[in-house]
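S.K.: Our numbering numbers the first residue of the sequence shown as 1 and each following residue consecutively.
Sharing a structure, written as C-alpha cells. Questions coming.
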Amino acid sequence: MLKIENLSVKINDNTILNDFNIDIKQGEIHGIMGQNGTGKSTICNTIIGKPAYEVVSGSIVFDSKDLLKLDITERARAGIYLINQMPLEVPGVTNAEMLRIAISERTGEVVNLFEFNKRLEEVCDMLKIPRDFIHRGINEGMSGGERKKNELLHLWMLEPKFIILDELDSGLDLDSIKIVVESIKDYQKKYNASVLVITHDPKLLKLLNVKFVHILKQGKVIETGDLSLASKLEKEGYKGYE
1 MLKIENLSVK
11 INDNTILNDF
21 NIDIKQGEIH
31 GIMGQNGTGK
41 STICNTIIGK
51 PAYEVVSGSI
61 VFDSKDLLKL
71 DITERARAGI
81 YLINQMPLEV
91 PGVTNAEMLR
101 IAISERTGEV
111 VNLFEFNKRL
121 EEVCDMLKIP
131 RDFIHRGINE
141 GMSGGERKKN
151 ELLHLWMLEP
161 KFIILDELDS
171 GLDLDSIKIV
181 VESIKDYQKK
191 YNASVLVITH
201 DPKLLKLLNV
211 KFVHILKQGK
221 VIETGDLSLA
231 SKLEKEGYKG
241 YE
C-alpha cells in the first residue's frame, strides 16, 4: 500500500528526515512516536505532497504509484487523506460544496445530487452530527471537537484508501477521543484502509489497536515493535533513546 525507502527530506535547507523507511500494507495500522522536532509532522506533509518539503533522496510508492511524480491534488485523488491536528477554517465554502467537487474530481463523473445529499445526511446521522454541518462553512466557528467530527464527515464521504492521523487527540477530551477513534476503526474495518498514526500518546495507539509502533529520532526510525513498545514508552518515556 505505502512503502517509503531511504527518504531524506529538507525544508529551508534544514534536513528533517534522514534515511527514513516504513512499509505499510493494506489494512494495517501503524503508529509513529517521537519527541518534538524528530520529524513526525514532516512525514505527514511529505506524504501528502506539500511543496515546501523537498525530497533530497529516496522513494515513496503508494498503491504501485510513484508519489513523488504526483502533486498534492493528485495524491488526494489517489486516495490519501490527512486528518490534521487543527483543521483550518475555509469561510464561504460549505462542506457540501467542497465534498461534491472533491468526489467529482476523484471519480471523473458528475455527482448525482439526489444520491449525494442522501449519502451526506446518512453519514451525518451515523456520526451523530447535526445536519446543518452540511451547509456550514468548512470548520467555520467550530470548536476543536466539532472540527474533528467534520473531518470524519469528510472521511466517510471521500472514502480514501490511506488515512494519516496527525495528533488526532489534540484539542479533544477523553469522551470525544473515544467517539472519533471508534468511527475511524469502523471505517478502517469496513474499507480495509491503511492508517498511519502520528502521536505523542501511547494510549491513543492502544485505543486504535495499531499493529506496529515505530520510534523516530533525528528523522529516522530507530526501533520498531508491537503495542508493547508503546507500553514501554508510557512507563519509561524516551530516556532509553537519549
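Note that the Cβ used here is the ideal one computed from N, Cα and C, for glycine as well.
Answer with buried or exposed for residue 135, where buried requires no fewer than 16 other C-beta atoms within 10 angstroms of its C-beta.
M.R.: Exposed, because fewer than 16 other Cβ atoms sit within 10 Å of the Cβ of residue 135.
S.K.: Please classify residue 114 as buried or exposed, where buried requires at least 16 other C-beta atoms within 10 Å of its C-beta.
M.R.: By the 10 Å Cβ count, residue 114 comes out exposed.
S.K.: So what does DSSP say about residue 19, is it helix, strand or coil?
M.R.: Residue 19: strand per DSSP, three-state reduction.
S.K.: Could you check which residue in 91, 20, 119 and 215 has the C-alpha nearest to that of residue 100?
M.R.: Comparing Cα-Cα distances from residue 100 to each of 91, 20, 119 and 215, the minimum goes to 119.
S.K.: Write down every uninterrupted run of the alpha helix (DSSP H) in the stretch 169-225 whose length is 4 residues or greater and which is fully enclosed by it, in chain order.
M.R.: Complete alpha helix (DSSP H) runs here, min 4: 174-191 and 202-208.
S.K.: Got a sec, what are the start and stop residues for the beta strand (DSSP E) residue 54 sits in?
M.R.: That run of the beta strand (DSSP E) goes 54-62.
S.K.: Is it the case that the Cβ atoms of residue 42 and residue 82 are separated by a distance below 7 Å?
M.R.: For residue 42 and residue 82, no; Cβs fall outside 7 Å.
S.K.: Which residue from 151, 51, 44 and 124 puts its Cα closest to that of residue 90?
M.R.: Residue 151 is the option with its Cα nearest to residue 90.
S.K.: As a quick exercise: from 139, 79 and 92, pick the residue whose alpha carbon is nearest that of residue 107.
M.R.: With distances taken between Cα atoms, residue 107 lies closest to 79.
S.K.: Span of the alpha helix (DSSP H) holding residue 123?
M.R.: Counting along the chain, the alpha helix (DSSP H) containing residue 123 begins and ends at 113-127.
S.K.: So, does the stretch 45-53 touch the stretch 204-213, judging by three or more C-beta pairs under 8 Å?
M.R.: Flag = no, the stretch 45-53 and the stretch 204-213 do not touch.
S.K.: Give me the Cα-Cα distance between residue 145 and residue 21, rounded to the nearest whole angstrom.
M.R.: Residue 145 and residue 21: Cα-Cα distance of roughly 33 Å.
S.K.: Note down the Cα distance separating residue 240 from residue 67, rounded to an integer number of angstroms.
M.R.: Going by the C-alpha atoms only, they are around 35 Å apart.
S.K.: Can you look up residue 241 in the DSSP assignment and give me helix, strand or coil?
M.R.: Helix, per DSSP.
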